[in-house]
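Residue numbers (this note's numbering), protein chains in the order written: chain V, 305 to 704; chain L, 211 to 515. We put the CB at the ideal spot given by N, CA and C, even for glycine.
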Amino acid sequence: MFKPNRSTPSTLSLAVAACLLMGAPLADAADKVKVGFVSTLSGPSSALGVDIRDGFLLAVKLNGGKLGGLPAEVLISDDQFKPDVAKQLFEKHIKRDKVDFMTGVVFSNIMLAALPEALDNNVIYISPNAAPSSIAGKDCNPLFFAVSWPNDAYHEAAGEFANQRELKSVYLVAPNYQAGKDSLAGFKRMFKGQVVGENYTKLGQLDYAAELAEIRAAKPQAVYIFLPGGMGINFIKQYVGAGLGKETTLLLPGFSADQDVIKPVGESMAGLFNTAHWSPDFSNPANQKFMTEFQKEYGRIPTLYASQGYDAAQLINAGVRDVKGNLANPEALRKALKAARFDSVRGPFKFNTNQYPIQNYYVRVVGNNPKGGGLINKSFDQPILRDRGDAYVQDCKMKN
Amino acid sequence: MTGLLVIEQLLNGLQFGLMLFLLAAGLTLVFGVMDMINLAHGSLYMVGAFLAAWLVALSGSFVLGVIGAVILTGLFGMALEYGLLRSLYVRDHLSQVLATFALILILNDGVKMIFGNDLPLSAPQALAGSVELLPGLHYPAYRLLILGVGLLLALLMFLLVQKTRLGALVRAGASNREMSIAMGVDIQRLFTIVFGIGAALCAVAGALLGPLLAVQVGMGENILILAFVVVVIGGIGSIRGALIGAILVGCIDTLGRSLLQHALREVLPPQWASAAGPAIASIAVYVFMAAVLALKPQGLFPVRA
């Protein structure tokens, strides 16, 4: 039997302490930027993380492998869709690799588990996707920047769109967990008509026949769903298959009607309305360049996740550039990031006091790609919500 | 709540149950006859769905695509049994669980490498609409097809197991394996055939559910849990148990999500009903399983006395 040496723990902790001491800021002129990128890159939920990564790396590549004028080193690792693995990877990148920025996580629950590793060690986290309401409000943190969209923004935009369409009755479906309830609350915050039914389904549910029969009996003018991932694909397929689409308008959040859903659902996605902060047809030059280069590099149409990864890299680029590569002064770096002087692919973008975005949200409709090759989203000319922040910013006590 | 809605929900439950049966049938045979826990059973369902989506797109015919996928998945299952799983029969259940769990991961990423993360698969155009079964009762035509195929296969399986020589060998193997070996049954060949049939039934389920569910990597794990619940409720190794168990699970799950909610709204204050309803619906199947096991620890139709 192996017997542990009694002196091992104390020796180990001394070694750890020594490592930590050496981790103090080195010099003021950094010779490179190190970014730790932790995302879900394997398994069934990996499509989103892969798109964020590809968007991020594309921006670095188009920048000549640099971020803000310094050579960029992006350390990529896979959280396997597990919060505990993400937490360990954060610790590794922060304590051993001594990264300057952390980014990459797709899912809110995984990010919330790993985030303290970054914040407690004074490492800035740039969120390319997850933006929960808690961090927008009372738990806001100067080191946290959401370059994506607040978790309930799409649902608010959908509620406003239902108002604009003068829909009087809407039926809501979401999984029976906190994010599901928060999302529908976002929709109801904006929607002025009547909610004729709210159905909270099982997480990971496969068959929606029972819910569809309920919807048919309730006869709403529209149905709004928050069913991320495979749940949404299942629901949309069965909704269309049941012929409900002819009687009732189906409204979707943008992530349930993006390329990663259009592909498995197929033709029946055509004509569906959804809300998002970005659309592949945006005509601003930054987006034109992004669309061309992404398709050239990867041979597929980017999702909104890819656009968020691209913007995350652009934000880091702008921040490092504006402090002239001096990463030793965290306060200056933070100010530079907060100014967000880059051309976002989504168009107008700035940070609120809680470092969540203030931006426009658009209604999109799925239709034939004018360039051929299947379906793609097309946005309405006018945003449905203009310069929209979030509903939690007043709870954030951050000074500047 | 009208009578028509109740009928519609019962049909939904029956249809979902029959699909579960196709998965559980193979699982219960493999589990019962070979005493082998095959966690990768759901992966065969995924392979079947991907092959169907690929072949339907390739051939342009839904029927041809599904038949092709069923045959290929059956062959793939037999190859898997011959090449890998055969060596696991003599091992304990833990080794089988570990090996077949590894198989899940390998097949998931293998499918992803070959086909990508997901594939589109739609119902044939002729079955896109709904059929008026009774005045005022519209039911999706495609779900009716699933009902029909499910019932037909259930009947075929019943005949196969009860009336044929192969079925007699399977039943003998399930009730006492050592004795049937002693009686001179070529158990190796039997296992390969049984595994192939199980894989083919998985492919039928995967291909037919493809137009309703996302054909994507990892689709097998979701449905596998319910299939195991069905096997345990029905009694390990029993085809009849798998059929009854699957239909019960399908109906309880569907009715729990619909009728139960209405009933709760009648008897409970609204805020209680809206909180309790979804919670009860999501555990109803497992509560039922616990109740069955408490009363009949061997399941509803135990094979071994």
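Assigned exposure category for residue i - 16 Cβ within 10 Å defines buried
i	result
Phe438(L)	buried
Ser572(V)	buried
Phe311(L)	exposed
Pro420(V)	exposed
Glu635(V)	exposed
Met429(L)	buried
Thr579(V)	buried
Gly346(L)	exposed
Leu344(L)	exposed
Trp264(L)	buried
Ile537(V)	buried
Backbone CA spacing between residue i and residue j [nearest angstrom]
i	j	result
Asp463(L)	Val697(V)	41 Å
Ile217(L)	Ser492(L)	21 Å
Arg296(L)	Pro674(V)	53 Å
Met499(L)	Leu505(L)	10 Å
Gly693(V)	Asp486(V)	17 Å
Lys654(V)	Tyr614(V)	16 Å
Glu431(L)	Leu471(V)	39 Å
Asn591(V)	Phe449(V)	21 Å
Leu447(V)	Met702(V)	11 Å
Gly445(L)	Arg381(L)	13 Å
Ser332(L)	Val276(L)	12 Å
Gln392(V)	Asp383(V)	9 Å
Glu476(L)	Phe530(V)	27 Å
Leu510(L)	Ser437(V)	48 Å
Ser452(V)	Leu608(V)	9 Å
Ala521(V)	Tyr666(V)	31 Å
Ile519(V)	Asp456(V)	24 Å
Phe577(V)	Ser340(L)	24 Å
Pro330(L)	Ala267(L)	9 Å
Chain-order list of residues whose beta-carbon lies under 6 Å from that of residue i (same chain, five-residue window excluded)
i	result
Gly677(V)	none
Ala234(L)	Ala437, Val440, Val441, Ala452, Ala456
Phe298(L)	The sequence given here has Leu at residue 298(L), not Phe. Same-chain partners within the cutoff: Gln306, Ala309.
Ala440(V)	Pro454, Asn658, Tyr660, Asp694, Tyr696
Gly463(V)	Phe491, Met494, Phe495
Asn480(V)	Tyr504
Pro606(V)	Phe598
Ala279(L)	Gly258, Leu261, Ala262, Leu265, Ala413, Ala417
Val409(L)	Note that residue 409(L) is Ala in the sequence shown here, rather than Val. Excluding residues within five positions, the ones whose Cβ falls inside 6 Å are Leu254, Thr283, Gly284, Gly287.
Asn425(V)	Ile398
Gly353(V)	Ser343, Thr344, Leu345, Val410
Ser350(V)	Thr344
Beta bridge counterpart(s) of residue i as assigned by DSSP
i	result
Ser683(V)	Arg668(V)
Pro350(L)	Ser340(L)
Met406(V)	Gly340(V), Tyr429(V)
Thr505(V)	Pro479(V)
Asp382(V)	Ser343(V)
Leu363(L)	Answer by DSSP bridge pairing: none, since Leu363(L) is not bridged.
Asn578(V)	Leu556(V), Arg668(V)
Val425(L)	Leu329(L)
Gln663(V)	Phe653(V), Arg692(V)
Tyr528(V)	Leu476(V), Leu555(V)
Ala450(V)	Ser431(V)
Ala376(V)	Val337(V)
Gln498(V)	Ser473(V)
Lys370(V)	Pro375(V)
Contact check, residue i vs residue j, beta carbons under 8 Å
i	j	result
Asn367(V)	Asn630(V)	no
Tyr528(V)	Val565(V)	no
Asn318(L)	Gly372(V)	no
Ile428(V)	Phe405(V)	yes
Gln508(L)	Gly487(L)	no
Met229(L)	Gly360(L)	yes
Leu357(L)	Leu224(L)	yes
Met367(L)	Ile449(L)	yes
Cutoff 7 Å; reference residue i; Cβ partners in own chain excluding five residues on either side
i	result
Gly549(V)	Tyr543
Val403(V)	Lys338, Val339, Gly340, Leu379, His397, Val427
Leu362(V)	Glu597, Phe598, Glu601, Tyr614
Leu689(V)	Glu460, Ala461, Glu464, Asn664, Tyr665
Met244(L)	Tyr299, Phe401
Ile430(V)	Phe405, Thr407, Phe449, Val451, Ala616, Leu619, Ile620
Cutoff 8 Å; reference residue i; Cβ partners in own chain excluding five residues on either side
i	result
Met246(L)	Val240, Leu295, Leu298, Tyr299, Gln306
Cys700(V)	Ala440, Gly441, Lys442, Cys444, Thr657, Asn658
Gly327(V)	In this prediction, Gly327(V) scores a pLDDT of 44, lower than 50, which makes its location untrustworthy; no coordinate-derived value is stated.
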